[in-house]
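Here is the structure we will look at.
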Amino acid sequence: PDSVRIKGVKGFMSVKGNDPTCTRCRKKGHVRRNCPAKLCTKCKRVGHATEDCRGRQYASFFEPDKIAPISGMTQDEQDVYDEIQEVVHGDLVSTVAPPSDSPDKTPDTEQVPLIS
Numbered sequence: 020p021d022s023v024r025i026k027g028v029k030g031f032m033s034v035k036g037n038d039p040t041c042t043r044c045r046k047k048g049h050v051r052r053n054c055p056a057k058l059c060t061k062c063k064r065v066g067h068a069t070e071d072c073r074g075r076q077y078a079s080f081f082e083p084d085k086i087a088p089i090s091g092m093t094q095d096e097q098d099v100y101d102e103i104q105e106v107v108h109g110d111l112v113s114t115v116a117p118p119s120d121s122p123d124k125t126p127d128t129e130q131v132p133l134i135s
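Using the working numbering, you'd call the opening residue of the sequence shown number 20 and step up by one each time.
Written as structure tokens, this is what we have:
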């Protein structure tokens, strides 16, 4: 899992050997800072361009800074999460790594909590 809840407090973690998960588009292989997903300026949603939007017109009246982030994290928390992802996952390769040469070798499972 990418997050855990302990006594009602949600914390994000990163597991070495697993691809990072983007908190913007929810896809694996990159972090929010490097997210390739398009942002619609009409409905403010991720995943499609403005010209392809099928959303209702009234959504465009909301100010972007008044809309809560998808993940519920503040920008500072998001920055820390992205930094941890980069440390744990190195170069943030967006493709699945090829299998290791030795089948019995298991990846390290170091878990790094984002928020304590």
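Glycine included, every Cβ here is placed at the ideal spot set by N, Cα and C.
Check: Closest by C-alpha distance to Ser33, when choosing among Gly27, Arg43 and Lys47; Outcome: Lys47
Check: Reduced DSSP category for Asp84 - H, G, I as helix; E, B as strand; rest coil; Outcome: Because Asp84 sits at a pLDDT of 48, beneath the cut-off of 50, its placement in the model cannot be relied upon, and the following sentence gives the value as read from the coordinates. Of the three classes helix, strand and coil, the one that applies to Asp84 here is helix, per DSSP.
Check: Beta-carbon separation (whole angstroms), Cys59 vs Cys72, contact threshold 8 angstroms; Outcome: 5 angstroms
Check: Among Asp21, Lys26 and Gln97, the one whose alpha carbon lies nearest that of Lys35; Outcome: Asp21
Check: Option in Lys57, His49, Gly66 and Lys29 with minimal Cα separation from Glu105; Outcome: His49
Check: Three-state secondary structure assigned by DSSP to Arg51; Outcome: helix
Check: Test item: CB-CB of Arg51 and Thr42 under 8 angstroms; Outcome: yes
Check: Cα-Cα separation between Lys61 and Thr69, rounded to whole angstroms; Outcome: 6 angstroms
Check: Minimum C-alpha distance to Met92 - residue among Lys63, Lys57 and Phe31; Outcome: Phe31
Check: Interface flag, Val50 vs chain C, CB-CB below 8 angstroms; Outcome: In the structure shown, chain C cannot be found, because there is only a single protein chain.
Check: Terminal residues of the beta strand (DSSP E) in which Val23 lies; Outcome: Ser22 to Ile25
Check: Spatial neighbours of Gly66 in its chain, beta-carbon cut-off 6 angstroms, leaving aside the 5 residues before and after; Outcome: Ala56
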